[in-house]
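Residue numbers (numbering that gives the first Met the number 0), protein chains in the order written: chain A, 0 to 296; chain B, 0 to 296.
C-beta: ideal position from N, C-alpha, C; glycine also.
Report on one structure; see the data block that follows.
Protein chains: 2
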Amino acid sequence: MSFTVSGVNCAAATPLNADLTPDLGLFVAHCRHLLDLGCHGIALLGTTGEANSFSVAERRQILEAALRAGIAPDRLLPGTGVNAAPETVELTRHALANGVTRVVMLPPSYYKGVSDEGLFAAYARIIESIGDERLKIVLYHIPQVSGVPLSHALIARLIEAFPTTVVGIKDSAGDLSNMQAIAAAHPGFAVLAGADPLMLPLLKSGGAGCITATSNLVGDSLRVIYDHLGDEAVVEPAQARINAWRSLSNSYVQIPTIKAMIGLQSGSTGWSRARPPLLPLGDAQLSDLREKFALLP
Amino acid sequence: MSFTVSGVNCAAATPLNADLTPDLGLFVAHCRHLLDLGCHGIALLGTTGEANSFSVAERRQILEAALRAGIAPDRLLPGTGVNAAPETVELTRHALANGVTRVVMLPPSYYKGVSDEGLFAAYARIIESIGDERLKIVLYHIPQVSGVPLSHALIARLIEAFPTTVVGIKDSAGDLSNMQAIAAAHPGFAVLAGADPLMLPLLKSGGAGCITATSNLVGDSLRVIYDHLGDEAVVEPAQARINAWRSLSNSYVQIPTIKAMIGLQSGSTGWSRARPPLLPLGDAQLSDLREKFALLP
C-alpha cells in the first residue's frame, strides 16, 4: 500500500526561552536529532508542540526556523488548523509558500456539538480558499482535547470531495478499532496512530504509521518496529522500551513531562518550561522523574 | 452596590457578507439599534458573535468599525481571549489603545483538564504583559463551549492578585446558584448572567446584570426588568416576552437562529449567514421560524 504520509512521525515538543517564547535554536537541534533517530517526519506544531498556545506569527517563525536550518520541507508536517479559518488559510499558505505541502489540520474547535455538514463546510472553504493542488492534508481527530470528533461519515465525504488533498488522518483518540475501520474503508488513505502502542497493530491492519509524542524520546525504537514488522524478536523489545518510556511520560501532565524527559535525555535546560495553561513539573515531581528516568531501558 | 460593569449587555451577533467576511455596516447599525433599545453595553466578539471564527485582524476591524461609527468606547466590551496568549495581549492592547478599557476574556481553551494554577498563570501573564492600569477584565465561564470551567478558587485568587483589574465574570453555565455563590463571596465583583431568565433572580441576590444573546432581540424588555426590579406588574410581562423569544431562538442551533430572528426583526438579509462550523438555517427551518416569529409577543 502506498500512502502520501507514512512511517514514524514525531509530534515534536517545543522548547521555550525564559520569557516563554519558542527557543528556536534548541527546537531546530531537536528536529535534527529526531531525524537522526530515524523519524521519517516531524509533525511540528501539534498538540504536544503546544501550537495552540502560539500566535500565528510564532508558528510561522517556528516552521521557518526548521527550514532555515536545512531540514527538508518534505520531512515536515506542521499543524495549521486553528479556530479562525482565515488564520488556518494563512498558516497553510505559508507552509506551501515554503515548499511544505503536507500539513496536519485540526477542525475549528471552539464550538462543540457542531454538525458534520458544518465541519465539512469549514474544511471545504479552507481547501478552496487555499486553492493549491500541491496541498496534502492530514485530518486530526483528537476529541478528548479538541472536543470536536471527526465522524466516519465526515471523513468519507471529505475524501470523496477532495481525493487528492485529504490524504490521511491522525487519530489520537486511542481506539484502535476506529483507526482500523477508517483504514479498511479507505485503502490508500493514511491512518496514523496518535498513540505509540497502537502503531504496531495498526500497521498490521492497513495503517500507515504514527504521529506520536513519545517519539520525541524513543523515535529510534518506533523506527525499528516500522522497519521490522513481523520480526517479533526485534519488535517485541522495541515495543517494550517504548511502552516503558511512554508510561513514565504519563506519570504527570503529559506534555511538560515529555519536555522534562527530553531535557534529561539531552542535557538541555530549555525543556524545563511550558506555556500556560500548561506548567512545568514541580521540584518533587522532577526529582521523582529523574530517579525513574535513570532506570528506563 | 457599585460595579465596574453592570446592566444589560448584549452579546452582539455578527452579520456576514456573501463571502462570509463581517458586514461592518450592518454590524454597526445593529450596535446602534441595541443602544437605542436600552442596552447599557455591547459585548461584541463573544460566543454569540462567532468571535473565535474570526482572525485577529477581523476582530480588530469589527471593534474599529463600531468606534468609527461613533459608539462610545465605554459602551463596548469586546471579547479578547483566544488560545494564544500573545494574541490575547494584542487584542486587549488594541482595545485599550482605542479607549476601550473593559473586555471579556476567555481563558485559553484548547487544553482541557488544566489546573487552576495553570489558568491563573495564563491570566496573570496576560495581565502583566499588558501592563495597563486602565484595564478591566470580565472573566468568561462557559464550560459547555470552552471546555474549561473557572473554579471559585481560581476566581478568588485572580481577584486577590488583581483587585482593580479582574472586576467581573460572565457566567454562561446556566447554574444560578453558582452565580449567587460568586456574588456572595465577592461583593462589588460583577457577576453577569449569561442566560436571560437568570438576570432577574441574580439581580435580587447581588448580581450586576447580564450579557446575553437574546438581548440582540429583546434588549428593551431586559432593560425594563433591570430598571423596574421589584415592580412585579412591570417585570413579569417583560420576562414572559423575553422567555418566549428565547425559547424560539433555541428551536434550532442557537446562534444562526438568533441571527435569522434579527433578520426577520430588522428586515436585513445580511443576518442569514454564519461562518462554518456554524451554518445558516435550512429552508424548512426558516419557514417554520418565520411562522412562529409572527406570533411572538
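Residues bridged to residue i (per DSSP)
| i | result |
| --- | --- |
| L138/A | M104/A, I168/A |
| L191/B | K169/B, G208/B |
Through-space distance from residue j to residue i, alpha-carbon basis
| i | j | result |
| --- | --- | --- |
| P31/B | F26/A | Looking at the sequence provided, one finds Arg at residue 31/B rather than Pro. Taking the straight line joining both Cα atoms gives about 50 Å. |
| G37/A | A96/A | 27 Å |
| A68/B | Q238/B | 32 Å |
| I181/B | V190/B | 7 Å |
| T87/B | V234/A | 47 Å |
| I70/B | A94/A | 40 Å |
| L288/A | S204/A | 35 Å |
| P72/A | A65/A | 9 Å |
| D22/A | E132/B | 31 Å |
| Q80/A | T47/B | Note that residue 80/A is Gly in the sequence shown here, rather than Gln. Approximately 22 Å, taken between the alpha carbons. |
| R274/A | L44/A | 13 Å |
| Q143/B | N177/B | 14 Å |
| R92/A | H227/B | 55 Å |
| G78/A | L263/B | 40 Å |
| K169/B | S267/B | 29 Å |
| A148/B | P148/A | The displayed chain sequence assigns Pro, not Ala, to residue 148/B. If I take the Cα positions, the gap works out to 20 Å. |
| S108/A | G229/B | 42 Å |
| A123/A | G112/A | 19 Å |
| L134/A | V102/A | 8 Å |
| P297/B | L138/B | Residue 297/B falls outside the range modelled here, since chain B spans only 0 to 296, and no answer is possible. |
| C209/B | M198/B | 6 Å |
| E116/A | M104/B | 30 Å |
| E159/A | I141/A | 22 Å |
| L280/A | S271/A | 8 Å |
| P255/B | A120/A | 15 Å |
| G269/A | P14/A | 6 Å |
| I61/B | V252/B | 24 Å |
| L175/B | G40/B | 22 Å |
| S54/B | I154/A | 26 Å |
| Q179/A | D18/A | 43 Å |
| K291/A | Q284/A | 11 Å |
| A12/A | A28/A | 12 Å |
| R222/A | I136/B | 49 Å |
| E127/B | E63/B | 24 Å |
| G173/A | S246/A | 15 Å |
| A56/A | T20/A | 11 Å |
| V166/B | D35/B | 26 Å |
| I261/A | P236/A | 21 Å |
| D282/A | L118/B | 20 Å |
Residue burial classification, residue i (beta-carbon count within 10 angstroms, cutoff 16)
| i | result |
| --- | --- |
| N16/B | exposed |
| E231/A | exposed |
| I259/B | Note on residue identity: the sequence assigns Ala, not Ile, to residue 259/B. It counts as buried. |
| S330/B | Limits of chain B in this structure are 0 at one end and 296 at the other, which puts residue 330/B out of reach. |
| P200/B | exposed |
| E89/A | buried |
| T100/B | buried |
| G146/A | buried |
| D195/A | buried |
| G98/B | exposed |
| P106/A | buried |
| A42/A | buried |
| S52/B | buried |
| M171/B | For the record, residue 171/B in the displayed sequence is Ser; it is not Met. Counting Cβ neighbours within 10 Å, S171/B comes out buried, since at least 16 surround it. |
Supposed contact pair residue j and residue i - C-beta distance, whole angstroms, cut 8 Å
| i | j | result |
| --- | --- | --- |
| G7/A | A207/A | Sequence check: residue 7/A is Val here, not Gly. Going by Cβ atoms, the distance from V7/A to A207/A rounds to 11 Å, so no, they are not a contact pair. |
| A50/A | R59/A | Contact flag wrong, Cβ pair sits at about 12 Å. |
| I257/B | N215/B | 6 Å |
| A184/B | H151/B | 7 Å |
| Y311/B | L277/A | Outside the shown range of chain B, which is 0 to 296, sits residue 311/B, and nothing can be said about it. |
| A83/A | I125/A | With a Cβ gap of about 11 Å, A83/A and I125/A do not count as contacting. |
| F2/B | G187/B | 7 Å |
| A10/A | T164/A | Actually they are not in contact, since the Cβ atoms of A10/A and T164/A sit about 22 Å apart, beyond 8 Å. |
| S250/B | T213/B | With 8 Å as the limit, S250/B and T213/B do not qualify as a contact, their Cβ atoms being about 13 Å apart. |
| G218/B | L75/B | The Cβ separation is near 15 Å, so there is no contact. |
| L295/B | W244/B | 6 Å |
**Request:** At 3 residues or longer, and completely inside the stretch 193 to 270 of chain A: list those beta strand (DSSP E) runs for me, N to C.
**Result:** 208 to 211
**Message:** Runs of 4 residues minimum, wholly inside the stretch 4 to 81 of chain A: which ones carry the alpha helix (DSSP H) assignment?
**Reply:** 23 to 36, 55 to 67
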